[in-house]
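Working notes, beginning with the structure itself.
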Amino acid sequence: MMFPMVTAVTFALSAALPQQADVVVRYPCNEGSGSEVRDGLTGTVKADWATSPSGTALSFDGSPSSIVTVQVPQEFRFGKGSWTFAAWLKPVEFGYPDAQNQRRVFSYGAFPEANIVVDIFSTGQPSCYLCYRRADGQIVSAGATSGVALKRDQWAHVAVVGDRARRVVQIYVNGLLKSEESLPAGFDGDYSVSGELTLGSSWHNYHGLMDEVLVVRRALSRHEVRAEFRRMADVFGVSPSAEEKAAENRAMLMEKLEVSDTAAQKGDWEASRGALREIVASTDAAGSLKSYAHLRLARSYEAEKRWREAREEYLRISRHRAYPSVHRQEAAERAKELERVLKGLPARDPRASRVRVSAVGRFAAEVAVAPNGDDRNDGVTKPVATLTRARDLVRAFRRKGVQGPICVRIAPGTYRVTAPLVLSEQDSGLPKGVVVYRAERPGMAVFYGGQRIRGFQPATDPAILARLPEESRGR
412 MMFPMVTAVT
422 FALSAALPQQ
432 ADVVVRYPCN
442 EGSGSEVRDG
452 LTGTVKADWA
462 TSPSGTALSF
472 DGSPSSIVTV
482 QVPQEFRFGK
492 GSWTFAAWLK
502 PVEFGYPDAQ
512 NQRRVFSYGA
522 FPEANIVVDI
532 FSTGQPSCYL
542 CYRRADGQIV
552 SAGATSGVAL
562 KRDQWAHVAV
572 VGDRARRVVQ
582 IYVNGLLKSE
592 ESLPAGFDGD
602 YSVSGELTLG
612 SSWHNYHGLM
622 DEVLVVRRAL
632 SRHEVRAEFR
642 RMADVFGVSP
652 SAEEKAAENR
662 AMLMEKLEVS
672 DTAAQKGDWE
682 ASRGALREIV
692 ASTDAAGSLK
702 SYAHLRLARS
712 YEAEKRWREA
722 REEYLRISRH
732 RAYPSVHRQE
742 AAERAKELER
752 VLKGLPARDP
762 RASRVRVSAV
772 GRFAAEVAVA
782 PNGDDRNDGV
792 TKPVATLTRA
802 RDLVRAFRRK
812 GVQGPICVRI
822 APGTYRVTAP
832 LVLSEQDSGL
842 PKGVVVYRAE
852 RPGMAVFYGG
862 QRIRGFQPAT
872 DPAILARLPE
882 ESRGR
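Under our numbering, the first residue of the sequence shown carries the number 412, and numbering increases by one thereafter.
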């Protein structure tokens with residue numbers, strides 16, 4: 412059912428958010444007929460009215476004159492602050508017969524001085540474009556486009572958020588974030604230049620119904636956008652799909668991690684743990700996310716040096732079969748470390764991770780290395796000169812079937828290294844046959860890879876001497 416065209420209607424601000432001075436307009440669109448009330452911002456309607464699930468809605472026929480205009484006072488303009496536009500939309504047509512074939516749902520400001528617009532592309536994808544003119548005359552622009560499209564003749568909730576603090580533009584469809592794009596570096600637009608706000612536009616006007624319009628001078632959070640969607644979702648008959656519900660649950664869980672992070676940064680560990688416990692208790696969260704949150708919960712007790720509570724949480728994690736084994740192993744190791752801490756010992760026992768090697772009483776074979784050795788020698792009756800040759804001889808012993816321990820004995824002296832010693836898996840010792848590289852006198856076998864420089868003489872050139880400190884001259 413269509414209602415007669417109304418020439419001028421003044422909307423009152425909704426009482427739904429009475430405490431929020433940052434609400435610019437909140438139009439439930441329930442007037443349905445022409446009348447004026449002066450207790451809110453004036454919206455001059457040149458569009459039609461139509462029935463909607465909530466009562467009545469604005470109806471835009473796509474013509475340039477079918478719009479709603481609002482003159483925003485200086486104190487309500489966006490300036491350099493954040494903002495949000497949200498509305499329930501039921502588009503009739505997407506495309507427009509022009510090279511730029513999008514249709515405009517919302518416009519604020521003046522192009523190109525400082526303008527923010529919300530369009531719907533011919534594909535049905537909601538988009539946002541914002542621009543401003545710099546002092547040097549250059550136009551700076553930014554924007555975002557939803558990854559999903561609306562459907563003709565179906566209601567959907569669209570929210571566009573310009574978060575100047577985080578420097579992003581976000582687009583939500585039915586309470587779910589569908590796009591987030593960063594503002595360019597140095598973006599500094601002042602959107603107080605013009606106070607003209609329109610629903611629809613005289614350029615490529617929106618064609619469809621619009622209801623429950625909200626414009627706010629701040630960035631609504633994901634939670635607030637979702638709450639605004641849910642507030643009327645049943646009324647408009649919009650039920651998220653299983654995939655959308657799963658995505659919403661993931662978004663909610665990630666928000667709880669953000670809440671936990673924020674609280675932890677403030678030192679409010681109880682609040683941080685409260686958010687983490689909600690994730691751990693969730694029936695929808697993946698086991699890996701729950702165990703990750705549980706590990707962070709345990710670490711929060713450590714941050715307060717509440718070792719006993721931390722250890723108890725780590726033990727719970729280590730016994731939770733639904734958690735990934737890597738997290739359970741990490742928790743078990745940390746529980747053991749905290750058990751040592753509770754006894755007044757260091758958290759880690761260095762001996763625990765060391766390979767225990769039994770003392771070797773007798774070697775099955777030995778290779779000798781000496782500064783005066785020769786790599787043509789056998790290393791047994793006469794020493795070789797390099798560790799690389801010694802390594803090759805150890806390999807030869809293994810090929811001959813020597814399974815016992817082998818020792819490479821290194822005689823005192825200096826050894827010039829011309830290539831790295833490369834050891835591979837075949838050079839590893841056996842369970843009962845270690846390979847030991849041993850200096851006969853500790854600290855007396857020196858390996859170096861540099862080049863020795865000889866033939867130093869005192870400087871006698873006057874030009875060189877003049878550049879030297881006085882105490883260095885003649886030496």
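Here a beta-carbon is modelled for each residue, glycine too, at the ideal position from N, C-alpha and C.
Only a predicted model underlies this, so the values are computations on that prediction, with no experimental measurement involved.
Check this for me: beta carbons of residue i and residue j, under 8 Å apart or not?
i    : j    : result
W566 : K501 : yes
K562 : G586 : no
V481 : G454 : yes
F489 : L610 : no
I531 : F505 : yes
V551 : C542 : yes
Q837 : R878 : no
L756 : R719 : no
V702 : R684 : Checking the sequence shown, residue 702 turns out to be Ser, not Val. No, the pair does not count as a contact, with Cβ atoms beyond the cut-off.
V569 : V559 : no
S493 : G573 : yes
L608 : V483 : yes
A779 : P794 : yes
Pull up the CB-CB distance for residue i and residue j, whole angstroms please, since I reckon it's below 8 Å.
i    : j    : result
P782 : Y826 : 6 Å
S470 : A461 : 4 Å
A555 : S590 : 5 Å
A576 : A662 : Rounded, the Cβ-Cβ distance is 20 Å, inconsistent with contact.
V579 : S557 : About 14 Å; that fails the 8 Å criterion.
I690 : L700 : 7 Å
A822 : E851 : 6 Å
Who pairs with residue i in a beta bridge, going by DSSP?
i    : result
V899 : Because the chain in this structure spans residues 412 to 886, residue 899 falls outside the shown range and cannot be described.
N526 : G520, C542
Y583 : A570, L588
P537 : I531
W718 : Answer is none; W718 lacks a bridge partner.
Y712 : For Y712, which the question treats as bridged, DSSP gives no partner whatsoever.
Y826 : F858
V847 : C818
G466 : S463
Y438 : V624
L841 : G844
T799 : Note: T799 sits in no beta bridge, so no partner.
For residue i, which three-state DSSP category applies?
i    : result
K501 : strand
Q369 : The structure shown does not extend to residue 369, since the chain is modelled only from 412 through 886, so no value can be given for it.
N783 : coil
F471 : strand
P880 : coil
P485 : At residue 485 the sequence reads Gln, which differs from the Pro that was named. If DSSP states are grouped into helix, strand and coil, Q485 belongs with the helices.
A674 : helix
G445 : Only weak support exists for where G445 lies, its pLDDT of 48 falling under 50; the value from the coordinates is given anyway. The answer is coil: DSSP assigns G445 none of H, G, I, E or B.
H944 : Nothing in the structure corresponds to residue 944, since the chain is present only between 412 and 886.
G554 : strand
V604 : coil
D622 : strand
L610 : strand
L452 : coil
P873 : helix
K694 : In the sequence under discussion, the amino acid at residue 694 is Thr, which differs from the Lys named in the question. Three-state DSSP puts T694 in coil, outside helix and strand.
S650 : coil
V805 : helix
R863 : coil
F640 : helix
L668 : helix
L700 : helix
T792 : coil
V479 : strand
S593 : strand
Under 8 Å, Cβ to Cβ, is there at least one residue of chain C near residue i?
i    : result
S465 : Going by chain labels, chain C is absent from the structure shown, which holds only one protein chain.
Stretch-stretch touch, CB-based, cutoff 8 Å, three pairs: the stretch 814–834 with the stretch 794–805: yes
Stretch-stretch touch, CB-based, cutoff 8 Å, three pairs: the stretch 729–745 with the stretch 767–786: no
Segment contact flag, the stretch 624–631 with the stretch 644–664, C-beta cutoff 8 Å, min 3 pairs: no
Segment contact flag, the stretch 663–683 with the stretch 606–624, C-beta cutoff 8 Å, min 3 pairs: no
At least three beta-carbon pairs within less than 8 Å, the stretch 845–854 to the stretch 807–822: As far as the Cβ criterion goes, the stretch 845–854 touches the stretch 807–822, which means the pair count is three or higher.
Cβ contact check for the stretch 638–651 and the stretch 594–610: 3 or more pairs under 8 Å: no
Given 8 Å, three or more beta-carbon pairs between the stretch 742–755 and the stretch 783–795: no
Stretch pair the stretch 704–718 + the stretch 673–684: three plus CB contacts closer than 8 Å: They touch, by the three-pair rule.
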